[in-house]
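Colleague:
Protein chains in written order, with our numbering: chain A, 1 to 236; chain B, 237 to 476; chain C, 477 to 776.
#1: Taking 8 Å as the cut-off, decide whether the C-beta atoms of residue 726(C) and residue 758(C) are in contact.
#2: Taking only three categories from DSSP, how would you classify residue 248(B)?
#3: May I have the straight-line CA-CA distance separating residue 636(C) from residue 645(C), to the nearest angstrom?
#4: Is there a Cβ of chain B sitting closer than 8 Å to that of residue 192(A), yes or no?
#5: Going along the chain, which residues of the region 79 to 112 of chain A sit with their C-beta nearer than 7 Å to a C-beta in chain C?
#6: Where does residue 378(B) fall in DSSP's three states?
#7: Are residue 7(A) and residue 96(A) closer than 8 Å when you measure CB to CB?
#8: Using the rule of at least 16 other Cβ atoms within 10 Å of the residue's Cβ for burial, across every protein chain shown, is residue 608(C) buried or exposed?
#9: Report yes if the C-beta distance between residue 317(B) and residue 364(B) is below 8 Å; otherwise report no.
#10: Looking only at its chain, what residues have a beta carbon closer than 7 Å to the beta carbon of residue 283(B), apart from the 5 residues adjacent to it on each side?
#11: Measuring only the C-alpha atoms, how far is residue 208(A) from residue 34(A)?
#12: Just to confirm the assignment, what range does the alpha helix (DSSP H) spanning residue 479(C) have?
#13: Taking 8 Å as the CB-CB limit, is residue 432(B) close to chain A?
#14: So, does the CB of residue 669(C) fall closer than 8 Å to a CB anywhere in chain A?
#15: Exposed or buried, which one is residue 775(C) when buried takes at least 16 other CB atoms within 10 Å?
#16: Flag residue 403(B) as yes if its beta-carbon sits less than 8 Å from any beta-carbon of chain A, otherwise no.
#17: Using CA coordinates, which residue listed in 19(A), 221(A), 170(A) and 185(A) is at the minimum distance from residue 148(A)?
#18: Rounding to the nearest angstrom, what Cα-Cα distance links residue 19(A) and residue 82(A) in this structure?
#19: Mapping the DSSP letters down to three states, classify residue 172(A) as helix, strand or coil.
#20: From residue 438(B) to residue 413(B), what does the alpha carbon distance come to, in whole angstroms?
#21: Buried or exposed, going by whether 16 or more other CB atoms sit within 10 Å of the CB of residue 162(A)?
#22: Any heavy atom of the ligand ADP closer than 7 Å to the beta-carbon of residue 634(C)?
#23: Does DSSP put residue 475(B) in a helix, in a strand, or in coil?
#24: Would you check if the distance between the CB atom of residue 667(C) and the CB atom of residue 736(C) is smaller than 8 Å?
#25: Should residue 747(C) be labelled buried (16 or more other beta-carbon atoms within 10 Å of its own) or exposed?
#26: For residue 63(A), which residues does DSSP report across the bridge?
#27: Using a Cβ distance threshold of 8 Å, determine whether the region 510 to 523 of chain C contacts the region 678 to 697 of chain C, with at least three qualifying pairs required.
#28: By the 9 Å beta-carbon criterion, what residues does the region 9 to 32 of chain A contribute toward chain B?
#29: Excluding the 5 residues preceding and the 5 following residue 652(C) in the sequence, name in chain order all residues of the same chain whose CB lies nearer than 7 Å to its CB.
#30: Less than 8 Å between the CB atoms is what I'm expecting for residue 515(C) and residue 699(C), so what's the real figure, rounded?
#31: Per DSSP, what kind of secondary structure is residue 703(C) in: helix, strand or coil?
#32: Count the other C-beta atoms from every protein chain shown that fall within 10 angstroms of the C-beta of residue 486(C), then say buried if there are 16 or more, exposed otherwise.
#33: List, from N- to C-terminal side, the beta strand (DSSP E) runs of 3 residues or more that fit wholly inside the region 609 to 657 of chain C.
#34: Express the C-alpha separation of residue 660(C) and residue 37(A) in angstroms, rounding to a whole number.
#35: Who are the Cβ neighbours of residue 764(C) in its own chain at under 8 Å, not counting the five residues just before and after it?
Now the structure itself:
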């Protein structure tokens, strides 16, 4: 079975600051891939490049067999890719419900109407008319994921959803993610906490200084090997 | 007497505490790296050292003198230099003129002496060949070197480096390592906040790890990175 | 000196200021575009009304179904062809571009229509007025202008808060980068906002033309009042713009009753006072925090 997402030789610059140096990776259908690495390693840049928010100097991005390298964000969303950005980035002057509704602006299908989304996130259903900026951190994170869900994605990209949240709250969010996987979604998760990343995912990619330092199935690699790749040990 | 010292500093942004109590002493000529997971406060610490930010509590001592209340320009005159994460040369000036600004404004030199110091700084950082180039037209590596040169022309005893290694290719990274090593060997103490660990440990002899608002490790780089506490801080619990 | 009459007249006048100002407020709030040609576009609306009503031999109101869509289309074209491109060069570029546009429009109008002051055919509404008692006389024209302003502002507010388009506009105003990221197509949003801004300006121009006279250079003064109304009311708040307009209008009329030569100066002094004491505007809503809503981006 071919991969859902295929990235080859991606290079991204911010001005002449090179953030990604020829990054290649594959994400299998219905799989969950963890993306780890130190600060500045390029994880957020990579997710944004997949979502179309970051132009690439070279390389290709293929989704479901189609080359989407030049496609703008709204086309990629229509094809089924949605990103939950780092820092949540909710629209502060919009209510919870409105935030979720704009997420459907370019939706791939009707698979996730409001009622179904509220079913997956009952806690935020109670706050649907509240302005998004008044919610707690965990609730805001849930709204950010809900907003991405409204686009009915087949590939969901999540950037550091556990940042600043209590462990119990993170646990609930990951339960929801596992529910999404059962519903058939493919996930790419950037996560600081290595244990959580390796528990929740089947594959792991470790970035170091804008390059792939390690790409393996979680079952095939030890934590020590991942830690070594993370810190760049054994690199000539 | 340490070249630079912070003693029991605390800092909060609004109700969010960044540090509750951090103490650190750097000896003359030493090269110290500061690492930590996302949001642990490394850049905040540099801000407190350089004077860009004000401590809520504690003291900052430069060459034994209390500079806690002094703003950055006055600390610069006393020998504290800093580079920034995004190099911002004074774009319309030439490379030489940029270095001269450091020598005249911060080191307070005049005339021939200022020019000499500026030239020396450019030579030390490998930028002498670009002396007359417009600094706005430099490539990234050279802009970083210029940042260094300008800071050096201030004749600092202590140099603060803020994530200077990002975004460079391998050969450029090697060149930067050499440059920074040369600067340190010429006698300037270095305090370096960095995420690119490989580059950091090629230069520094001591590594300090910040996490959860305090110093959790301080020692030889290989030991610090191998320590359980540090690895847990970066990668979460249950790593082992 | 009937103060109550003066205040009422001032309020009604304020409606006109609000109508000219709301397009400016919308353009800045959503797109960060300061349109220095906004006043001139209103004057263009008046001239277009003149051309249409003369050609068709009808009061200018009858031409509105033609005039407003034409103004909307002009706004869309302006955005797509000129201002959208200017924005790519930074926030200051549209200021320079619209300044140049303003000069161009004023000169073109002078060439095409000469500098003679003109008036618009308001039909039977022109001189009609009614008495409220207590010495208060209200002109139908003034009242119509005020009610139109309220209707336009309410309509815009409703559209912004209840429609899908409105949600997209508000999201784009909050955070342009994230709006693109969630799949909002920003160009059509900007184009429709620009179209709306020019259409409201043209409508305001028609009222200016019926209530008073207009000439090619009237745009500048109009822009200044519009600007002041927006700043006094608070950027990003439509109702604030109405309040700002009314503050201007009331000041102008009330001071004018005392001494006509100081009326306009008083208005500008009020503006300066608000700018000094509450630069965010008197009716700052959460929407005035546009700009602070930008999230922190991280590399890696």
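Think of the CB as a built atom: it goes at the ideal place given N, C-alpha and C, for glycine as much as any other residue.
Modeller: Taking the coordinates as given:
#1: no
#2: strand
#3: 7 Å
#4: yes
#5: 83, 85, 86, 87, 89, 91, 92, 93, 94, 98, 101, 102, 103, 105 and 106
#6: helix
#7: no
#8: exposed
#9: no
#10: 289
#11: 14 Å
#12: 479 to 507
#13: yes
#14: no
#15: Annotation note: pLDDT 18 at residue 775(C) (below 50); position unreliable, no value reported.
#16: yes
#17: 185(A)
#18: 22 Å
#19: helix
#20: 7 Å
#21: buried
#22: Judged by which ligands are present, the structure shown has none, so any question about the ligand ADP falls away.
#23: Caution is warranted here: a pLDDT of 46 is assigned to residue 475(B), below 50, making its placement in the model unreliable, and no coordinate value can be reported.
#24: no
#25: buried
#26: 5(A) and 66(A)
#27: yes
#28: 13, 14, 15, 16, 17, 18, 19 and 21
#29: 662
#30: 3 Å
#31: helix
#32: buried
#33: 612 to 615
#34: 31 Å
#35: Below a pLDDT of 50, predicted positions are generally treated as unreliable, and residue 764(C), at 39, falls in that range; no measurement from the model is reported.
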